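A.B. asks:
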DNA sequence: CGCTTGACTTAGACAAAGTCCATCGTAGGA
DNA sequence: TCCTACGATGGACTTTGTCTAAGTCAAGCG
Ligand SMILES: [Mn+2]
Ligand SMILES: [Mn+2]
Ligand SMILES: [Zn+2]
Ligand SMILES: [Zn+2]
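Residue numbers (my numbering), protein chains in the order written: chain A, 53 to 190; chain B, 53 to 190.
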């Protein structure tokens, strides 16, 4: 049922009610929740779960590589369970909706050596911005 | 002398000591200072300048299109006077050094219609990450 | 030049997002 | 079942940024 939860088993992870609920809340496609959104949803299932635990658990999932941190604006970080298929993001400037996208080509190869300033470049993040269909029609 | 200051003249901008100092601090190439860094440098020239004024002035420069906000991490926004030549950023994962880069090709055209989810895509931000020469040799 | 006035500046309160810590509780092995 | 190291908790604290009320001043006008 919960793909993320499955991935987290068998990693020596001590299972608690809190961790299970966080993993369940975070499961799915195109999921990019903030820590407080995760907390709000977790509380409906486990009313006594604390903000600190949500932050701790999300941080551990990121360390394990099962969840990715996404920062599309200067507000809160967002947590993305789609960690095993590299992708980029498309963000609506009006409502903040986020979709996972997979551009063609490799943006890393678009950075010529003369533009690398001697850096060892290892990664690239791409954020596309625009207006989603709902906001465009409203 | 100050290219940014020159650009800001003749726009109906009421000139004050505070605005001049902020513009001077921000002038140059590969400049990506946080608001507090701008404030710290401005204070050495104009000790009574307030944090609020630095934030206000930076915000106005962004509105005028003479300065760009750059967010390479989840810490503070950075302010970039290089507003008239579109570019992307290369960031050192260790020390946070930032360089302006101009990749070849247009990342926008790398996003096929089938990956646009009906969005009207208008902009793209690219952040390359790696290790700078100084950090690599240390 | 000096007045007037609306725009600009200021200090500090406030807010959002996140971290840290001392203490309490419990998962899971012995 | 018992033990204990690891996890959870609430609250204080930090960082980054916004807002407001009151004071100040740049610049046009006479
Ligand atoms: Mn994603
Ligand atoms: Mn730049
Ligand atoms: Zn939208
Ligand atoms: Zn470095």
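Don't be surprised by glycine CBs; every beta carbon is placed ideally from N, CA and C. Keep in mind the model is a prediction, meaning the values are calculated, not measured.
1. Of the choices A/89, A/180, A/147, A/100, whose alpha-carbon is the least far from that of residue 110 of chain A?
2. From the DSSP output, which residues share a beta bridge with residue 176 of chain A?
3. Residue range of the beta strand (DSSP E) that residue 82 of chain A falls in?
4. Is residue 146 of chain A close to ligand 3? I mean its beta-carbon at under 7 Å from any heavy atom of the ligand.
5. With the cut-off set at 8 Å, would you say residue 146 of chain A and residue 187 of chain A are in Cβ contact?
6. With 7 Å as the C-beta to C-beta threshold (strictly closer), list the residues of the region 116-138 of chain B near chain A in chain order.
7. With a cut-off of 8 Å, does the C-beta of residue 83 of chain B fall near any C-beta of chain A?
8. Under 9 Å between beta-carbons, which chain A residues line up against residue 184 of chain B? List them in chain order, please.
9. Is it right to say residue 156 of chain A is buried, meaning 16 or more other beta carbons lie within 10 angstroms of its own, or is it exposed?
10. Using only the heavy atoms of ligand 1, determine whether one of them is closer than 7 Å to the beta carbon of residue 152 of chain A.
11. Within 7 Å: the Cβ of residue 224 of chain A and any heavy atom of ligand 3?
12. Measure how close the beta-carbons of residue 135 of chain B and residue 118 of chain B come, nearest whole angstrom, since I'm counting them as under 8 Å.
13. For residue 180 of chain B, would you say it is in contact with chain A, using Cβ-to-Cβ distances shorter than 8 Å as the test?
14. Could you give the distance in angstroms between the alpha-carbon of residue 56 of chain B and the alpha-carbon of residue 175 of chain B?
15. Applying a beta-carbon distance threshold of less than 9 Å, which residues of chain B neighbour residue 111 of chain A?
16. Do residue 87 of chain A and residue 106 of chain A have their CB atoms nearer than 8 Å?
17. Strictly below 7 Å CB to CB, what residues from chain A border residue 157 of chain B?
18. Would you identify the three-state DSSP class for residue 121 of chain A, choosing helix, strand or coil?
19. State the DSSP-derived secondary structure class of residue 61 of chain B, mapped to helix, strand or coil.
20. Would you check if the distance between the CB atom of residue 173 of chain A and the CB atom of residue 159 of chain A is smaller than 8 Å?
21. Assign residue 167 of chain A to buried or exposed, taking buried as 16 or more other Cβ atoms, counted over all protein chains shown, within 10 Å of its Cβ.
22. Check whether the Cβ of residue 151 of chain B lies closer than 8 Å to any Cβ atom in chain A.
23. Does residue 116 of chain B pass the burial test, meaning 16 or more other C-beta atoms within 10 Å, or should it be called exposed?
24. What separation, rounded to the nearest whole angstrom, lies between the Cα atoms of residue 148 of chain A and residue 101 of chain B?
C.D. replies: Judging by the given coordinates:
1. Residue mapping note: residue 110 of chain A aligns to position 58 of the first chain, counting from 1. Residue A/89 is the option with its Cα nearest to residue 110 of chain A.
2. To locate residue 176 of chain A, count along the first chain from 1; it is residue 124. Per DSSP, the beta-bridge partners of residue 176 of chain A are B/180.
3. Stepping through the first chain from its first residue, residue 82 of chain A is reached at position 30. Unbroken run through residue 82 of chain A: none, as it is neither H nor E.
4. Translated into the one-based positions of the first chain, residue 146 of chain A becomes position 94. Yes.
5. If you number the first chain from 1, residue 146 of chain A lands on position 94. If you number the first chain from 1, residue 187 of chain A lands on position 135. Taking 8 Å as the Cβ cut-off, residue 146 of chain A and residue 187 of chain A qualify as a contacting pair.
6. 123, 126, 129
7. Looking up residue 83 of chain B in the second chain gives position 31. Not closer than 8 Å to any Cβ of chain A, the Cβ of residue 83 of chain B fails to qualify, so no.
8. The residue given as residue 184 of chain B occupies position 132 in the second chain. Correct list: 169, 170, 171, 172.
9. Start at 1 with the first residue of the first chain, and residue 156 of chain A comes out as number 104. So residue 156 of chain A counts as exposed.
10. As a working mapping, residue 152 of chain A is identified with position 100 in the first chain. Checking every heavy atom of ligand 1 against the Cβ of residue 152 of chain A, one is found closer than 7 Å.
11. The requested residue 224 of chain A does not occur in the structure, where chain A is confined to residues 53 to 190.
12. Reading the second chain from its first residue, position 83 is the one you call residue 135 of chain B. Reading the second chain from its first residue, position 66 is the one you call residue 118 of chain B. Between residue 118 of chain B and residue 135 of chain B the Cβ distance is about 5 Å, and since that is below 8 Å, they are a contact.
13. As a working mapping, residue 180 of chain B is identified with position 128 in the second chain. For residue 180 of chain B, the answer is yes, since a Cβ of chain A falls inside 8 Å of its Cβ.
14. Taking the second chain and counting its residues from 1, one reaches residue 56 of chain B at position 4. Taking the second chain and counting its residues from 1, one reaches residue 175 of chain B at position 123. Each residue's Cα considered, the two are about 24 Å apart.
15. Mapped onto the first chain, residue 111 of chain A falls at position 59. Ordered by position in chain B, no residue passes the 9 Å Cβ test against residue 111 of chain A, which lies about 13 Å from the chain.
16. Taking the first residue of the first chain as position 1, residue 87 of chain A is located at position 35. Taking the first residue of the first chain as position 1, residue 106 of chain A is located at position 54. Yes; because the gap between Cβ atoms is below 8 Å, this pair is in contact.
17. As a working mapping, residue 157 of chain B is identified with position 105 in the second chain. Those within 7 Å of residue 157 of chain B in chain A are 162.
18. Start at 1 with the first residue of the first chain, and residue 121 of chain A comes out as number 69. Strand at residue 121 of chain A.
19. Taking the second chain and counting its residues from 1, the one referred to as residue 61 of chain B is at position 9. In the structure shown, residue 61 of chain B sits in coil (DSSP, three-state: anything other than H, G, I, E or B).
20. As a first step, residue 173 of chain A is located in the first chain; it is residue number 121 there, counting from the start. As a first step, residue 159 of chain A is located in the first chain; it is residue number 107 there, counting from the start. Their beta carbons are not under 8 Å apart, which means residue 173 of chain A does not touch residue 159 of chain A by this criterion.
21. What you label residue 167 of chain A is simply residue 115 of the first chain in a count that begins at 1. It is buried - the Cβ of residue 167 of chain A has at least 16 other Cβ atoms within 10 Å.
22. For the purposes of this step, residue 151 of chain B is identified with residue 99 of the second chain, where counting begins at 1. Yes, its Cβ sits closer than 8 Å to a Cβ of chain A.
23. As a first step, residue 116 of chain B is located in the second chain; it is residue number 64 there, counting from the start. Classification for residue 116 of chain B: exposed.
24. Stepping through the first chain from its first residue, residue 148 of chain A is reached at position 96. Stepping through the second chain from its first residue, residue 101 of chain B is reached at position 49. About 35 Å.
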